[in-house]
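Okay, structure first, notes after.
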Ligand code: PEP
Ligand code: MN
């Protein structure tokens, strides 16, 4: 059972204390509080764990500070939607708000290679009115002999350049818990000029010990990639590890499924799952068209497959786009063949805008029809 408290509930107030005292008196029931600073308000939720079947919903709703009570299903307790259409959820990180209505573009390098490329990328992001990017310092590679990323040595200049170009968030993969400390240390050293969204890559979707470590820290939000060879249900359960450890500021990323049935694309594009995730969970949903498509092929209409896939995800309501760009793809140390060129960024963003407008029109359309439908 989740108790959703009145927004901005003061946890020092006598009413809150009364509520806590009542919850303490419940035998066989433990509770855990989650606080989320959203856009303009702080939301507190109390999760009751144990045999809550005997607790009457009406009574629980009458307790001080409680605005609403939701009976949770067993799975995805914290991140799940539990069949509730309007369950409030958003979070703000470094001035950027994430929820199931927003749309943010994280265009950037798959992997940091040189300071010049990082700077050129960030400059292009800023010139195109964007404030988020992607940059990999720790790269999980199929072969141990491939470039593994520059690791902590590149972090200071990456963060300083981000500050210079007004980048508010960098999505950056971590593959080991020590990487979180290294990122925190470099942010501290450089005066925290930017924010970092910790990315869990598809190869680590079920690395439960890493998930627990990333879930225990609440400084940075998490971009969680779907596992490439497991069910959607298994991936959502894995994301729940983050939330069960305390960090529910999680964005779920679709990045395609590994199967030859997706040929000639690198992975089978799975963006029809955008609305499924929004229905099952409260997480904002990201699409990664670059790792899904994996190349720069284009159809006779002139549009790149990456752009088609992006539009399909956006028209289905995606909330974030993670996409590879590079100033000189032939010199990229990782995933050059799938990178878009900096000159293509304005085109890409304009195309995203067309798809976004189509999505907003579709969402408004169904609302109109629902109003007109007989009850
Ligand atoms: C990436 O985004 O650079 C990456 C390695 O993605 P994935 O984990 O989806 O393969
Ligand atoms: Mn990559």
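Numbering (this note's numbering), first residue to last: 8 to 382. The beta-carbon is built from N, C-alpha and C at its ideal position, and this holds for glycine as well.
- Secondary structure of residue 161 (DSSP, three-state): helix.
- Taking 4 residues as the shortest admissible run, the segment 274-308 contains the following complete alpha helix (DSSP H) segments, listed from N- to C-terminal end: 281-287 and 296-300.
- Taken in chain order, the whole alpha helix (DSSP H) runs of length 4 or more contained in the segment 174-238 are 184-196 and 215-223.
- Setting aside the 5 residues that flank it on each side, residue 172 is surrounded in the same chain by 129, 130, 132 and 133, each with a C-beta closer than 7 Å to its C-beta; the list follows chain order.
- Judged by beta-carbon spacing, residue 332 lies beyond the 8 Å limit of residue 354, meaning their Cβ atoms are not closer than that value.
- One Cα belongs to residue 165, the other to residue 125, and the distance between them is close to 7 Å.
- Between the ligand PEP and residue 124, a heavy atom-to-CB distance of less than 7 Å is absent.
- The alpha-carbon of residue 15 is positioned some 9 Å away from that of residue 47.
- Residue 377 and residue 291 have their C-alpha atoms spaced approximately 24 Å apart.
- Counting C-beta pairs with one atom in each stretch, the segment 54-65 and the segment 228-239 have fewer than three that are closer than 8 Å, which means they do not touch.
- Per the DSSP secondary-structure output, residue 260 pairs in a beta bridge with 232 and 293.
- In the DSSP secondary-structure assignment, residue 38 is bridged to 55.
- Set against 7 Å, the gap from the CB of residue 331 to the closest heavy atom of the ligand MN is smaller.
- Taking residue 280 as the centre and dropping the five residues before and after it, the same chain places the C-beta of 239 and 261 closer than 7 Å to its C-beta, in chain order.
- Only buried fits residue 289, as 16 or more other CB atoms lie within 10 angstroms of its CB.
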